[in-house]
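Peer 1: Under our numbering, the first residue of the sequence shown is numbered 3, with each subsequent residue one higher.
Yeah, the Cβ is synthetic: ideal placement off N, Cα and C, and Gly gets one too.
This is the structure I want to talk about, given as C-alpha cells.
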Amino acid sequence: MNKEPKPDGQPAWAQELAKSPFREPMFTEEMKAGILNRGKFADLQHTRDLGSSWRRRIPVLAAGLCALLLLTAVWGWQALPALRQLVPLTDPGHAYEWTPRTLYKENGVPKLQAFAGGDYAAGAPAGAAWFLMSPIEELEGKHVRITAVHRDSGTILEELAETEITADMAYEGGTDSSFKDATRIVSRFGLPLAGLWKFDLLIDGEKYGDIVFDVPDGSWEPSPSFVTDLSEEEAKTAASKGAHPRSVTGVEGRVAFLGMDFAAGKPNKYMWHFWGPDEELTGDLTFTAVKQHSHEIIDVFQTDIRPSPMYGADAMLPSMMMLPSPGLWRIMASIDGQLFGSVVVEVR
Numbered sequence: 003m004n005k006e007p008k009p010d011g012q013p014a015w016a017q018e019l020a021k022s023p024f025r026e027p028m029f030t031e032e033m034k035a036g037i038l039n040r041g042k043f044a045d046l047q048h049t050r051d052l053g054s055s056w057r058r059r060i061p062v063l064a065a066g067l068c069a070l071l072l073l074t075a076v077w078g079w080q081a082l083p084a085l086r087q088l089v090p091l092t093d094p095g096h097a098y099e100w101t102p103r104t105l106y107k108e109n110g111v112p113k114l115q116a117f118a119g120g121d122y123a124a125g126a127p128a129g130a131a132w133f134l135m136s137p138i139e140e141l142e143g144k145h146v147r148i149t150a151v152h153r154d155s156g157t158i159l160e161e162l163a164e165t166e167i168t169a170d171m172a173y174e175g176g177t178d179s180s181f182k183d184a185t186r187i188v189s190r191f192g193l194p195l196a197g198l199w200k201f202d203l204l205i206d207g208e209k210y211g212d213i214v215f216d217v218p219d220g221s222w223e224p225s226p227s228f229v230t231d232l233s234e235e236e237a238k239t240a241a242s243k244g245a246h247p248r249s250v251t252g253v254e255g256r257v258a259f260l261g262m263d264f265a266a267g268k269p270n271k272y273m274w275h276f277w278g279p280d281e282e283l284t285g286d287l288t289f290t291a292v293k294q295h296s297h298e299i300i301d302v303f304q305t306d307i308r309p310s311p312m313y314g315a316d317a318m319l320p321s322m323m324m325l326p327s328p329g330l331w332r333i334m335a336s337i338d339g340q341l342f343g344s345v346v347v348e349v350r
C-alpha cells in the first residue's frame, strides 16, 4: 500500500474517508427543500392549533369572568347599602317604582294622596293623612291597611294595622274641590331609617294605591339631659329624703331614661320614662337600635307597658340593655309596632 503523503499533507486513507460511500448523492436539493417546507408547515399548523385552542377557551374564560363579576356585584349589592344608593335606577319600571311621589293616579285620574307631618325625619313619629279619592259610601265597612318597605335595607313594617273604615273618616274637602267626597285615613308615620320608603295602601287585602317618601335622617346629636317635673307630693317626698331632682336623658315630654352611660358590650340597668295619653302607653313595648351610617336594626329589649304615673312621667319601667359597639346609636321605642319615640346615645 502506498503510504506516501499527498501534496496537501493528508494521507490517502483520510482523503478516502472524506468521500461519500454512495456512487450518487443521497441528500438532493429537492429533498432538502421538502424538509424545509414540511418544517414551515408544521410551525404554521402549530400556530393554527394554538389559535384554535385559545378561540375555544376564550368563551369559557369570558363566561367565568362574567360569573365572577356577577357574584361580586350581587354580594356588593346585598352587603353594601351605600352601593345601592350610588347605582342609578336605570330600568324605567324600577325607577318609577322608587320615584318619590305623594300622589297616586290610575289611568291619569288621582286616586290616593298622602301628606306627612311637617318636619318628619327618621326616628320620630310625625303623623300622616292619607286621602282616598272615593266617597265614604263606597268604603264604609271595609278594612284599610298600610304597609311600608325600605328600599336600601328591605325592612318591612306595618304603618297602619288593619282598621275598619267608619263614617267619621269622611272628608268634605273644604274649599279644595279635588278632595270633595274623599275618605281620610290617619297613621303614626314613624320610620326607623332614612331613605326611600314605599307605602302600599290596601282595601280588604287589595291594593288601592302606593306612595313613595324620601325620608330625611334625624339628628345624631346625643340627646340632652333634663330634670323631670315632679308633682307637689313627689317633690315633698323627695325633699324629706334629701333627694335631688331626677335628671334624665332623652326627649322632654316624650321618652327618656335614667341610668349610667352606655359602654360597648356591657349590659346595665336603665329606668325609662314615658309621656303621653293612656291609650298610647298601653301595649307591647319593643326597644330597637340602629347605629349611625348603618341600616341594620337590632333588637335590644322587649316587655309590655301600662300607664303608671310616677316622678313626673306618665309611665315608667326598668330595663336591662346593652349595645354591641362604640359610636352613636339611636334607641327607638315602639308600642304595638308603632314608633313612639327615640333617643340618641354615644356608646363608649
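Looking at residue 104 and residue 213, is the spacing between their C-beta atoms short of 8 Å?
Peer 2: In this structure, residue 104 lies closer than 8 Å to residue 213 by Cβ.
Peer 1: Just to confirm my understanding: we take residue 49, look at its own chain, exclude 5 residues before and 5 after, and list those with CB closer than 8 Å. What are they?
Peer 2: Here residue 49 scores only 49 on pLDDT, less than 50, and its place in the model is too uncertain to base an answer on.
Peer 1: Quick check: the Cα distance between residue 173 and residue 131, rounded to an integer number of angstroms?
Peer 2: Rounded to whole angstroms, residue 173 to residue 131 spans 11 Å at the Cα level.
Peer 1: Looking only at C-alpha atoms, which of 256, 182, 262, 261 sits nearest to residue 280?
Peer 2: Ranking 256, 182, 262, 261 by Cα distance to residue 280 puts 256 first.
Peer 1: At what residues does the alpha helix (DSSP H) containing residue 164 begin and finish?
Peer 2: First-last for residue 164: 158-166, but that is the beta strand (DSSP E), not the alpha helix (DSSP H).
Peer 1: Can you name, in chain order, every residue of its own chain whose Cβ lies under 6 Å from the Cβ of residue 117, other than the five neighbours on each side?
Peer 2: 131.
Peer 1: Hey, would you say residue 102 sits closer than 8 Å to residue 135, going by beta carbons?
Peer 2: No, the pair does not count as a contact, with Cβ atoms beyond the cut-off.
Peer 1: Is the beta carbon of residue 155 sitting closer than 8 Å to the one on residue 195?
Peer 2: Yes, these two residues count as a Cβ contact at 8 Å.
Peer 1: Counting Cβ pairs, one atom from each stretch, are 3 or more of them under 8 Å apart for the region 264-281 and the region 306-318?
Peer 2: Short answer: they touch.
Peer 1: Determine the burial state of residue 305: buried for a count of at least 16 other Cβ atoms within 10 Å of its Cβ, exposed for fewer.
Peer 2: Exposed, since its Cβ has fewer than 16 Cβ neighbours within 10 Å.
Peer 1: Taking 8 Å as the cut-off, decide whether the C-beta atoms of residue 345 and residue 258 are in contact.
Peer 2: Yes, the pair counts as a contact, with Cβ atoms nearer than the cut-off.
Peer 1: Considering just the uninterrupted stretch of the alpha helix (DSSP H) at residue 139, what are its terminal residues?
Peer 2: Run containing residue 139: 138-141, per the alpha helix (DSSP H) assignment.
Peer 1: Distance check for residue 269 and residue 286, CA to CA, integer angstroms please.
Peer 2: Answer to the nearest angstrom: the Cα atoms are 22 Å apart.
Peer 1: Where residue 121 and residue 307 are concerned, what is the direct C-alpha to C-alpha distance, given to the nearest angstrom?
Peer 2: Roughly 28 Å separates the two Cα atoms.
Peer 1: So, with DSSP's three-state summary, where would you put residue 202?
Peer 2: Note: residue 202 maps to strand in three-state DSSP.
Peer 1: Just to confirm, are residue 188 and residue 225 a CB contact at a threshold of 8 Å?
Peer 2: Going by C-beta atoms, residue 188 is not nearer than 8 Å to residue 225.
Peer 1: Can you confirm whether residue 344, when its beta carbon is compared against all beta carbons of chain C, has any partner nearer than 8 Å?
Peer 2: The structure shown contains no chain C; it holds only a single protein chain.
Peer 1: Are the beta-carbon atoms belonging to residue 147 and residue 159 less than 8 Å from one another?
Peer 2: The answer is no: Cβ separation not under 8 Å.
Peer 1: What are the boundary residues of the beta strand (DSSP E) that residue 182 is part of?
Peer 2: Note, residue 182: premise wrong, no beta strand (DSSP E); not H, not E.
Peer 1: By the DSSP assignment, the beta strand (DSSP E) with residue 231 in it spans what residues?
Peer 2: Segment: none, residue 231 is in no beta strand (DSSP E) and carries neither H nor E.
Peer 1: Report the option in 301, 329, 129, 110 whose CA atom is closest to the CA atom of residue 342.
Peer 2: If we check each option's Cα against that of residue 342, 129 comes out closest.
Peer 1: Residue 171 by DSSP, collapsed to three states: which one?
Peer 2: Correct three-state label for residue 171: helix.
Peer 1: Check whether the Cβ atoms of residue 191 and residue 119 sit closer than 8 Å, and answer yes or no.
Peer 2: The answer is yes: Cβ separation under 8 Å.
Peer 1: Write down the C-beta distance between residue 181 and residue 133 rounded to the nearest angstrom, noting that I regard them as a contact closer than 8 Å.
Peer 2: Residue 181 to residue 133, Cβ: 6 Å. Contact.
Peer 1: Looking only at its own chain, which residues have a Cβ that is under 6 Å from the Cβ of residue 141, when we skip the five neighbours before and after it?
Peer 2: Excluding residues within five positions, the ones whose Cβ falls inside 6 Å are 167, 185.
Peer 1: Look at the alpha carbon of residue 223 and the alpha carbon of residue 327, and state the distance between them as a whole number of angstroms.
Peer 2: Straight-line Cα distance between these residues: approximately 18 Å.
Peer 1: So for residue 98, helix, strand or coil by DSSP?
Peer 2: Note: residue 98 maps to helix in three-state DSSP.
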